[in-house]
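According to my numbering, the residues represented by the sequence shown are 743 to 1214, in order.
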Amino acid sequence: MGAGTFLTGGALGGSVFGASRRKRRTRGRRKLRGRAVRGARLRNAVQISDAGPLSGAKLFEDVITYYNLGEHRTATEADLKTSQWLADHLRGAGLATTFQSFSLRQFFFQQAGLTIAGRRIRAFPLWFPRPTENGPLNTSLTLFDKENPRGVSEKIALLKFPFDPRATVTATRTDGIDSSVKTREGIEAGRVGPTHSEVINAAAKAGARAVVAITEGPTGEIIALNSPEGAEPWPIPVALAGPRDEPALMEAARSGVAASLFVDGVDQRETRAKNVIGRLDRGKELIVVSTPQSGWFRCAAERGPGIALFLGLARWASRRASETGFLFVSTSGHELGGLGMKAFLKELAPSSDRVLCWLHLGAGIAAYAWEETATGWKRLREPDSRRSLMTSADLVPILTSSFAGMPGLTPTVGRAVGEFEYIINARYRVCGIAAAHRFHHTPADSPEMTGPEILEPVGRALVRTIEAIETR
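This is the structure:
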């Protein structure tokens, strides 16, 4: 699992509006006969000939393409390529397509690393980063307790950002490390909060030269945390490490062995990112479809399903006779306080009285469930049920019918997370899906976290939802 190129070829998955499985499999075998697929650690076979725009195969192909564009942090080369790719496909589907550019401050991360007693530990900066100046910072690690901060001066403070999906902010301690930072439940778990700031600032005030924070979680991976809008660089460099490295970090902090931290990148105070907007102008009434396009890493199952369903719905909408107009918007800036969505709502969003429904495709819409076994994590065939289908109250009957029997997708009123919160606060009639899957916000979020068989049912349900909204 993790970063790399994911190739497609062959036959996998069903079709919503396409040819029979038997025909597609036969064509897939003919296409692949005699050809070796090389160059990727992860290999899957996807045949999309004659597949409909919301077939599982076509959706999964778009997930893979999105993944292969690179790490999707806002305003990076990969993010700008993503904007162009989305615009090209919307235009190809017949939508009038434009960009909305917005400005931001961004840190263009190049590399980070932590070395303890000659052992390299994987690290990733906490936004907004402060790089280590003039090369690596060479000192030692020490356990940090903000209630008793002595002994941290000129050293790297080691602490934890515990993972507890049931917790609000509470104060506990384990292993002598300050662990007062608790995450909010489920899909709010990946956000920097006031208590993170408190413990980092306390370490800086006590004279620490840097902070290393272990992001506790079930998979052992580093979990990146979203940054609030307008965040300034931390007073000292802050790097995140995964829980799989906790034993080595703890031992290094207790023994006082040499440690070296390196965070490198460019802080650019003024750069630009692009939202993508596609329109089907057919009448006064509109259905809006939105999805975030940016995130910390390659985001295959975090962002990929939303991106794929966004494109699939655009292709589907363009082919059908309807008097309802459609507006599709993909927004960058998600991990930085939802900057792109805020810009769209402020400058270009249609008035709420024109919108029949705003459909928001958030994180983790279709990700596999995983089971922890004695030999490690095992992927299950069913979707992770820890999904939330959030909605305006009057849409509950429609959604109850269109999403019937789908794990976790029972309509919920009064819950608003991520960019859905901005939309509903702007008083739109809205429904949306979001989730934090098992490898959410981690470098291991690769295409194997999702697949055709769990993408396609969501596409079918979204089509049923739009058709029902148009006829009522």
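Glycine included, each C-beta is placed from N, C-alpha and C at the ideal position.
In the pairwise beta carbon analysis, the region 964–971 is classified as not touching the region 833–843: fewer than three pairs are separated by under 8 angstroms. In this structure, DSSP gives Arg862 an extended state, which the three-state scheme calls strand.
In the structure shown, Met1191 adopts helical secondary structure according to DSSP, grouped into three states. One thing to note: Val1159 has its Cβ within 8 angstroms of the Cβ of Ala1176. A residue is called buried once 16 or more other Cβ atoms fall within 10 Å of its Cβ, and Gln852, having fewer, is exposed. When DSSP states are grouped into helix, strand and coil, Asp1023 belongs to the coil group. In this structure, Ile863 and Leu991 form a Cβ contact; the two beta carbons are roughly 7 angstroms apart against a cut-off of 8 angstroms. In the three-state scheme derived from DSSP, where H, G and I count as helix and E and B as strand, Gly1118 is classed as strand.
In the three-state reduction of the DSSP assignment, Asn890 falls in the coil class, being assigned neither a helical nor a strand state. Linking Ala1085 to Ile858 through their CA atoms gives a straight-line distance of about 43 angstroms. Apart from the 5 residues on each side of it in sequence, Arg833 sits with its Cβ closer than 8 angstroms to the Cβ of Thr839, Gly1020 in its chain, given in chain order.
Put simply, of Cys1099, Arg1202, Gly798, Glu1212 the residue whose alpha carbon is nearest the alpha carbon of Arg1169 is Cys1099. With fewer than 16 other Cβ atoms inside 10 Å of its own Cβ, Glu1012 counts as exposed.
Within the region 1048–1125, the complete alpha helix (DSSP H) segments of 4 residues or longer fall at 1081–1089, listed in chain order. Judged by beta-carbon spacing, Arg951 lies beyond the 8 angstroms limit of Thr1033, meaning their Cβ atoms are not closer than that value. Taking the Cβ atoms as the reference, Val1005 lies roughly 5 angstroms from Thr874, within the contact range of under 8 angstroms.
Counting C-beta atoms within 10 angstroms of its own C-beta, Lys800 has 16 or more neighbours from the protein chains shown and is therefore classed as buried.
Contact between the region 1060–1067 and the region 1099–1117 is absent, with fewer than three C-beta pairs closer than 8 angstroms. Three or more Cβ pairs closer than 8 angstroms define a contact, and the region 937–951 falls short of that threshold against the region 813–825. DSSP links Asn880 through a beta bridge to Ser1002.
In the DSSP annotation of this structure, Gly836 is not part of any beta strand (DSSP E), being labelled neither H nor E.
Counting along the chain, Leu1131 sits inside the beta strand (DSSP E) bounded by residues 1129–1133.
A straight-line Cα-Cα distance of about 12 angstroms links Leu1055 and Asp804. Counted as a single uninterrupted DSSP element, the alpha helix (DSSP H) harbouring Ile1166 occupies residues 1161–1167.
Look at Ser1144 here: in three-state DSSP terms it is helix. Bounds of the alpha helix (DSSP H) holding Val805 are 798–810. In this structure, DSSP gives Ile1029 an extended state, which the three-state scheme calls strand.
As computed with DSSP, Val1008 is found in a beta bridge with Phe850. If you ignore the 5 residues before and after Arg872, its C-beta comes within less than 6 angstroms of the C-beta of Pro975, Trp976, Pro979, all in its own chain and listed in chain order. Take the alpha-carbon of Ala1186 and the one of Ile965: they are about 10 angstroms apart.
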